[in-house]
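Peer 1: Take a look at this one; I'll ask things after.
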C-alpha cells in the first residue's frame, strides 16, 4: 500500500474502510476479509475522506484535482458510484467536513485559502444515469485564511464550522451564511487539525508546534495546552464522551490524553512515519470494544482495540485485592503468625513492615532458626525482594543485624555454588558485602575494646582481704 493520507469508515455497521493514499484512486477494504475495491474518479491524489454519521453509506472525498466527490456505497457489492461532484476551488481541496444530523451539505477548505459550503440535493434527478454524476454548486464561498487551510470541522449540532490554517490561526464560522464569529491565536506554527468536543463547548486544535490546545467557544480563549509530542501533531480526536483525546504525530507516535489533568496516559508507537489518519468506530467489535484505526506514511494501517474498560476493571480488582491483603496482614501480625505476615508484606512490597516482622521473629529465643524456616517458604522472587530490602537495611547500623540474619539464612538455604549460578541472587549478595565488611570491622574493634576493658579490670582488682 502507498502512503496513507486519510481513512473513513463505511457501511451501516462500519464493515468497510475507505483509504486515501498518494493515488487518485480510493481503496475500499472489507474489514472481515480485507478484500479490496478501487473507486476511480479523481484525476489526482485524494487528500481527505469523510462519511456522513446520518448516512454511513455516503462517502465524500477531496483531491488535488480541485474537486470534491460524493459516492454512494453498496455494501452487498462492496462498490460505490459517484453521484455528485463539486468543482470551484482553484487549488487542491485539502480538507472536508460533513454534518452530523443531516446529509444535505459539505464544507470544504482549500489551498486557495477559501471555505465553501456545497448544497446536496435531497434526491437525485430522474434523468441521472448509473454513471452520470451531478455537478454541485457552492452555496457560500469565503476567503477564510491568509494561507492554506489544513483542516475543517463541524460542531455536533451543525451550527458552527471550525477551520485551521498554515497561518497559525483557527477560526469559528456560523454555518448559516459562513459568517466569521471568532479567531483563535496562540499556536506558533501551522494548525493541522481542528475538532469540536462532542459534549463541551470547546474546540481542540493540533499544530506543527508539537502542542494541542483546547479553546473555549464562548470567548475563544485558550483553556489548556497539551505538551508531550516531540514533533508536529497531525490529528486529534475526542474519545470517551469527551473526557479523553487521541492524537497522532509526524514521528509515528499515537498518544491518549486525559483532558482533566493534561496527562498522557498511553503512547502507541507501532508506526515508523507520519500518522495522517485516525478513525474511531461508532459500532463495537465482537467483544464489545471500540476500535481505533490508524494510517501512516509508512504504508501501514493498524486496528487497535480499546481496552480501557478492561484495564479499569483490572485496576479495581487489584485495589480490592490490596485492601484484602492489607487486612490479612494486620490480622496475622495481631495473631503473631509471622511467617504468613512476612509473605504478605513482601508480596505487597512493604519493606518497613517486613523489617518490623523480622525484628519480632528475632526477639524469640530461637529467632535465627525461625528466620531460616520462614525464608525457606518464600518463592525465589519473594526472596529476591527480601534481599533487596536487606541491602537497604544493611546500610543502617540500627537494622544491619536483621540484614545479616537474612543473608545467613539465604546462604544456608542456597548452597554457595548454586548461588553463583543465579546472577540476580549473586548480584544482590555482592551489594551486601561493602557494608557487611564495615560492620565486621566495627564489631572487631568493639570486641578488642571489650577485651582490653576486661584486661584492665583484672589488673586493677583489689586483692581479697
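Numbering (this note's numbering), first residue to last: 185 to 649.
Ideal placement from N, C-alpha and C gives every residue a C-beta, glycine not left out.
Model, not experiment: these values are computed from the prediction.
1. Rounded to whole angstroms, how far is the Cβ of residue 545 from the Cβ of residue 530, which I believe are closer than 8 Å?
2. Tell me which same chain residues have a C-beta within less than 6 Å of the C-beta of residue 423, skipping the five on either side of it?
3. Quick one: grab the DSSP three-state call for residue 563.
4. Can you say whether residue 498 is buried or exposed, counting buried as having 16 or more other CB atoms within 10 angstroms of its CB?
5. Would residue 380 count as contacting chain D if we go by Cβ distances under 7 Å?
6. Nearest by alpha-carbon distance to residue 505: which of 520, 532, 523, 524 is it?
7. Suppose contacts are defined by Cβ-Cβ distances below 7 Å. Is residue 458 in contact with residue 483 by that definition?
8. Going by other Cβ atoms of all chains shown within 10 Å of its Cβ, with 16 needed for buried, is residue 414 buried or exposed?
9. Could you tell me the alpha carbon to alpha carbon distance between residue 277 and residue 293, rounded to whole angstroms?
10. Hey, out of 535, 541, 511, whose CA is closest to residue 521's CA?
11. Can you give me the start and stop residues for the alpha helix (DSSP H) that residue 540 sits inside?
12. Would you call the CB atoms of residue 420 and residue 377 closer than 7 Å?
13. Exposed or buried, which one is residue 385 when buried takes at least 16 other CB atoms within 10 Å?
14. Taking 6 Å as the limit between beta carbons, can you name the residues of its chain near residue 587, skipping five residues before and five after?
15. Runs of 3 residues minimum, wholly inside the region 341-378: which ones carry the beta strand (DSSP E) assignment?
16. Could you give the C-beta distance for residue 362 and residue 285, rounded to a whole number, given that I count them as a contact under 8 Å?
17. Roughly how many angstroms lie between the CA atoms of residue 265 and residue 255, to the nearest whole one?
18. Please state the DSSP three-state secondary structure of residue 284.
19. Can you tell me whether residue 259 is helix, strand or coil according to DSSP?
20. Mapping the DSSP letters down to three states, classify residue 499 as helix, strand or coil.
21. Per DSSP, what are the beta-bridge partners of residue 417 in this structure?
22. Along the beta strand (DSSP E) that carries residue 323, what are the first and last residues, could you check?
23. With distance defined between alpha-carbon atoms, name the residue in 270, 197, 320 nearest to residue 475.
24. Return helix, strand or coil for residue 591, following the three-state DSSP convention.
25. With residue 408 as the anchor, note down where its beta strand (DSSP E) starts and where it stops.
Peer 2: Taking the coordinates as given:
1. Contact flag wrong, Cβ pair sits at about 14 Å.
2. 430
3. coil
4. exposed
5. Absent from the structure: chain D. Only one protein chain is present.
6. 532
7. no
8. exposed
9. 6 Å
10. 541
11. 535-546
12. yes
13. exposed
14. 574, 577, 578
15. 344-349, 353-358, 363-369
16. The Cβ separation is near 18 Å, so there is no contact.
17. 5 Å
18. coil
19. coil
20. helix
21. 433
22. 322-327
23. 197
24. helix
25. 406-411
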